[in-house]
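Colleague: For our numbering, count along the sequence shown from 1 and bump the result up by 16.
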Amino acid sequence: MESLPNDARADVTILIIDDEKVILDLTSIILKNRGYKVLTALNARDGIRIIGESRPQLVLLDYMMPVMDGLTALKEIKRQFDDTYVVMFTGKGGEEIAVELMKAGASDYILKPFNNQDLAERIENVLKMREIELHNRELRAERERLLCEIEAWNLELEKRVQEKTDALQKAQSEIVQSEKLATLGYLSAGMAHEIRNPLNSIALFGQLIKSGTDDPEQQEYVDKILKEVDRIDGILRKLLDASKRPRYEISEVVVGTVIDKVLEAFSPQITRHDITVVKKFRHLPPAIPADPAEIEQIFTNLFLNAIHEMHDGGILGVDLDFDGQQIIIRVSDTGKGIPAEHQQNIFDPFFTTKGTSGSGLGLSVVLRIVKTYHGKIEVERSDAEGTTFCLRLPVG
Ligand SMILES: Nc1ncnc2c1ncn2[C@@H]1O[C@H](COP(=O)(O)OP(=O)(O)OP(=O)(O)O)[C@@H](O)[C@H]1O
Ligand SMILES: [Mg+2]
17 MESLPNDARA DVTILIIDDE KVILDLTSII LKNRGYKVLT ALNARDGIRI
67 IGESRPQLVL LDYMMPVMDG LTALKEIKRQ FDDTYVVMFT GKGGEEIAVE
117 LMKAGASDYI LKPFNNQDLA ERIENVLKMR EIELHNRELR AERERLLCEI
167 EAWNLELEKR VQEKTDALQK AQSEIVQSEK LATLGYLSAG MAHEIRNPLN
217 SIALFGQLIK SGTDDPEQQE YVDKILKEVD RIDGILRKLL DASKRPRYEI
267 SEVVVGTVID KVLEAFSPQI TRHDITVVKK FRHLPPAIPA DPAEIEQIFT
317 NLFLNAIHEM HDGGILGVDL DFDGQQIIIR VSDTGKGIPA EHQQNIFDPF
367 FTTKGTSGSG LGLSVVLRIV KTYHGKIEVE RSDAEGTTFC LRLPVG
């Protein structure tokens with residue numbers, strides 16, 4: 017192997033630990049002459065202290081020493097200073113000792129008495145091996161670091177793709193939703209017109225029959241007919257509400273006041289069903305230009321649904337907040353929640369789980385109005401403990 021140039025050796029510090037002063041001095045001279053920086057210690061304890069202070073690249077360590085023997089010292093050095101390589105001096109030969117020393121982390125061992133040339137060559141070899149190994153270790157660490165970085169990037173990418181996918185899905189379902197509303201608007205405007213006129217006639221003729229007969233049985237039948245006509249008319253009205261209609265009566269609406277008004281209107285049901293209203297008005301928002309009837313409609317429909325869920329009592333929460341840009345309203349109940357498989361349908365027109373008692377238009381009306389005001393509504397939470405709708409309306 018090629019020998020190191022002298023100026024490279026000047027950067028190498030070697031510590032010799034030997035309890036025999038003569039050997040210490042002699043080895044020290046040999047190594048200094050070759051250009052190394054040399055430190056010495058007469059026992060292992062001092063030696064380990066010096067390693068801590070000066071971090072030599074190499075230690076020549078005697079095997080047989082009082083205070084702390086060479087093998088113990090070797091293990092201690094390797095434990096504390098991984099970068100410091102150790103070459104052992106041993107007076108005794110024998111494979112067993114050699115194996116034990118190498119196992120404990122020695123890089124080489126030299127039998128005493130040694131010759132100068134052999135010592136120098138062994139030292140150079142160990143130093144070269146050290147350099148290669150440390151370089152390898154650095155490369156491995158770098159590789160590890162790069163792998164971690166790639167992994168982190170992968171995760172980040174996956175996260176971004178997921179975010180974009182979610183956003184896309186949301187946008188898509190919003191499009192579907194507004195298409196449904198648009199279709200509904202188109203259909204309902206036509207239907208209302210077509211159906212309401214004959215309906216009116218039915219009601220009129222019904223009333224005529226009723227006034228023209230004294231038979232209580234017939235009167236009862238007519239009453240039933242008129243009640244059903246009323247029901248159909250109610251559905252048509254809701255249908256019209258769900259569809260787009262021009263806004264009218266725009267005025268400055270104070271949302272908190274509207275909420276209070278609707279709650280007041282519901283107070284008989286609230287009392288009857290033993291419901292507690294927990295109202296939190298945090299930051300009061302400014303008034304917004306809107307049709308008060310429409311804003312009322314939002315809360316009417318949300319409260320109706322909430323109350324419907326709490327026949328045997330519960331808590332109706334109304335939380336009003338303003339973040340400087342948006343009015344944030346949360347309407348919560350302690351009902352049984354919306355099953356996960358229904359959550360994507362509840363805003364669909366005609367989706368209902370209430371059989372004939374529900375038209376399934378309540379939430380689509382809410383959605384239509386919220387959209388008119390460029391707001392957003394979502395089910396923020398729904399589980400066996402209840403449901404929270406979160407509604408955001410921009411101001412201005
Ligand atoms: N707070 C709630 N808790 C549990 N389920 C709800 C709640 N609000 C709405 N839902 C579910 O969403 C469905 C649709 O609600 P939506 O208000 O649109 O129609 P509806 O209440 O069934 O009928 P309508 O309001 O027209 O009388 C309901 O049938 C119900 O299954
Ligand atoms: Mg409803």
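Each residue gets a CB set at the ideal place from its N, CA and C atoms; glycine is no exception.
Computed from a predicted structure; not experimentally measured.
1. Name the one or two DSSP bridge partners that Leu104 has.
2. Give the DSSP-derived three-state secondary structure of Gly426 in the structure shown.
3. Under a three-way DSSP split, which group does Thr422 fall into?
4. Using a Cβ distance threshold of 8 Å, determine whether the segment 357 to 369 contacts the segment 293 to 313, with at least three qualifying pairs required.
5. Is Ala281 near ligand 1, judged by its Cβ being under 7 Å from some heavy atom?
6. So for Val83, helix, strand or coil by DSSP?
7. Can you look up Pro365 in the DSSP assignment and give me helix, strand or coil?
8. I need the boundaries of the alpha helix (DSSP H) containing Thr287, first residue and last residue.
9. Is it the case that the CB of Glu325 approaches a heavy atom of ligand 1 more closely than 7 Å?
10. Answer with buried or exposed for Arg95, where buried requires no fewer than 16 other C-beta atoms within 10 angstroms of its C-beta.
11. Helix, strand or coil: how does DSSP classify Asp349 here?
12. Sorry if obvious, but does the Cβ on Asn321 come closer than 7 Å to a heavy atom of ligand 2?
13. Checking the sheet assignment: what are the DSSP bridge partners for Leu395?
14. Nearest to Gly206 by CA position, among Leu255, Met80 and Thr56, is which residue?
15. Are the segment 339 to 347 and the segment 369 to 377 touching by the rule of at least three beta carbon pairs closer than 8 Å?
16. Leu379: beta carbon under 7 Å from a heavy atom of ligand 2?
17. What are the boundary residues of the alpha helix (DSSP H) that Leu379 is part of?
18. Among Pro410, Lys226 and Val115, which one has its Cα closest to the Cα of Ala306?
19. Does the segment 121 to 138 come close enough to the segment 90 to 105 to have 3 or more Cβ pairs within less than 8 Å?
20. So if DSSP puts Ala57 in a beta bridge, which residue, or which two residues, is it bridged to?
21. Is it right to say Met17 is buried, meaning 16 or more other beta carbons lie within 10 angstroms of its own, or is it exposed?
22. Alpha carbon to alpha carbon, what distance is there between Leu55 and Met104?
23. Hey, is Thr368 close to ligand 1, as in C-beta under 7 Å from one of its heavy atoms?
24. Can you give me the Cβ contacts of Asp399 inside the same chain, cut-off strictly under 7 Å, excluding the 5 residues immediately before and after it?
25. Three-state secondary structure (DSSP) at Glu265?
26. Note down, in chain order, each residue of its chain lying with its Cβ closer than 7 Å to the Cβ of Asp78, except the 5 sequence neighbours on either side.
27. Look at the alpha carbon of Glu172 and the alpha carbon of Tyr101, and state the distance between them as a whole number of angstroms.
28. Would you check if the distance between the CB atom of Tyr52 and the CB atom of Arg71 is smaller than 8 Å?
29. At the level of alpha carbons, what is the spacing between Lys37 and Lys144?
30. Val271 and Ile331: beta carbons closer than 8 Å?
Modeller: Reading from the atomic positions:
1. Residue numbering aside, residue 104 sits at position 88 when the sequence shown is read from its first letter. Just to set this straight, residue 104 is Met in the shown sequence, not Leu. For Met104, which the question treats as bridged, DSSP gives the partners Leu77 and Tyr125.
2. Since the first residue shown for the chain is 17 and the last is 412, residue 426 is missing from the structure and cannot be characterised.
3. Only positions 17 to 412 of the chain appear in this structure, which leaves residue 422 out of reach.
4. With the cut-off at 8 Å, the segment 357 to 369 and the segment 293 to 313 do not touch.
5. Your numbering for residue 281 matches position 265 in the sequence shown. No; taking the cut-off as 7 Å, the Cβ of Ala281 has no heavy atom of ligand 1 nearer than that.
6. On the sequence shown, residue 83 is found 67 positions in, with the first residue counted as 1. In this structure, Val83 counts as coil in the three-state DSSP scheme.
7. Numbered from its first residue, the sequence shown carries residue 365 at position 349. Coil, per DSSP.
8. Residue 287 sits at position 271 when you count from the first residue of the sequence shown. Thr287 -> alpha helix (DSSP H) spans Val271 to Arg288.
9. Taking the first residue of the sequence shown as position 1, residue 325 is located at position 309. It does: the Cβ of Glu325 is within 7 Å (strictly closer) of some heavy atom of ligand 1.
10. For the purposes of this step, residue 95 is identified with residue 79 of the sequence shown, where counting begins at 1. The residue is exposed, with fewer than 16 neighbouring Cβ atoms inside 10 Å.
11. As a first step, residue 349 must be located in the sequence shown, where it is residue number 333. Correct three-state label for Asp349: strand.
12. As a first step, residue 321 is located in the sequence shown; it is residue number 305 there, counting from the start. Checking the Cβ of Asn321 against ligand 2 gives yes.
13. In the sequence shown, counting from the first residue as 1, residue 395 sits at position 379. A small correction: the amino acid at residue 395 is Val; Leu does not occupy that position in the sequence shown. In the DSSP output, where bridge partners are listed per residue, Val395 has Phe405.
14. To locate residue 206, count along the sequence shown from 1; it is residue 190. Taking only the C-alpha atoms, the option nearest Gly206 is Leu255.
15. no
16. To locate residue 379, count along the sequence shown from 1; it is residue 363. Result yes, Cβ under 7 Å from ligand 2.
17. Counted from its first residue, the sequence shown places residue 379 at position 363. Where Leu379 is concerned, the enclosing alpha helix (DSSP H) stretches over Gly378 to Thr388.
18. Counting from one through the sequence shown, the residue named residue 306 turns up at place 290. Here the closest residue by C-alpha is Pro410.
19. Yes, the segment 121 to 138 is in contact with the segment 90 to 105.
20. Taking the first residue of the sequence shown as 1, we reach residue 57 at position 41. DSSP output for Ala57 lists Ile33 as bridge partner(s).
21. Working through the sequence shown from its first residue, we reach residue 17 at position 1. In this prediction, Met17 has a pLDDT of 46, which is less than 50 and means its spatial position is unreliable; nothing more can be read from the coordinates.
22. One-based indexing of the sequence shown puts residue 104 at position 88. One-based indexing of the sequence shown puts residue 55 at position 39. Whole-angstrom Cα-Cα distance: 16 Å.
23. Counting from 1 along the sequence shown, the entry for residue 368 is found at position 352. Checking the Cβ of Thr368 against ligand 1 gives yes.
24. Walking along the sequence shown from the start, residue 399 turns up at place 383. Gly353.
25. Locating residue 265 in the sequence shown gives position 249, where the first residue counts as 1. Coil.
26. Position 62 of the sequence shown, counted from the start, is the residue given in the question as residue 78. Hits under 7 Å: Ile33, Asp34, Asp35, Gly86 and Phe105.
27. As a position in the sequence shown, residue 172 is number 156, starting the count at 1. As a position in the sequence shown, residue 101 is number 85, starting the count at 1. Rounded to the nearest angstrom, the two C-alpha atoms are 42 Å apart.
28. Locating residue 52 in the sequence shown gives position 36, counting from the first residue. Locating residue 71 in the sequence shown gives position 55, counting from the first residue. No, these two residues do not count as a Cβ contact at 8 Å.
29. Translated into positions along the sequence shown, residue 37 becomes position 21. Translated into positions along the sequence shown, residue 144 becomes position 128. Going by the C-alpha atoms only, they are around 28 Å apart.
30. As a first step, residue 271 must be located in the sequence shown, where it is residue number 255. As a first step, residue 331 must be located in the sequence shown, where it is residue number 315. Val271 is not a Cβ neighbour of Ile331, given a cutoff of 8 Å.
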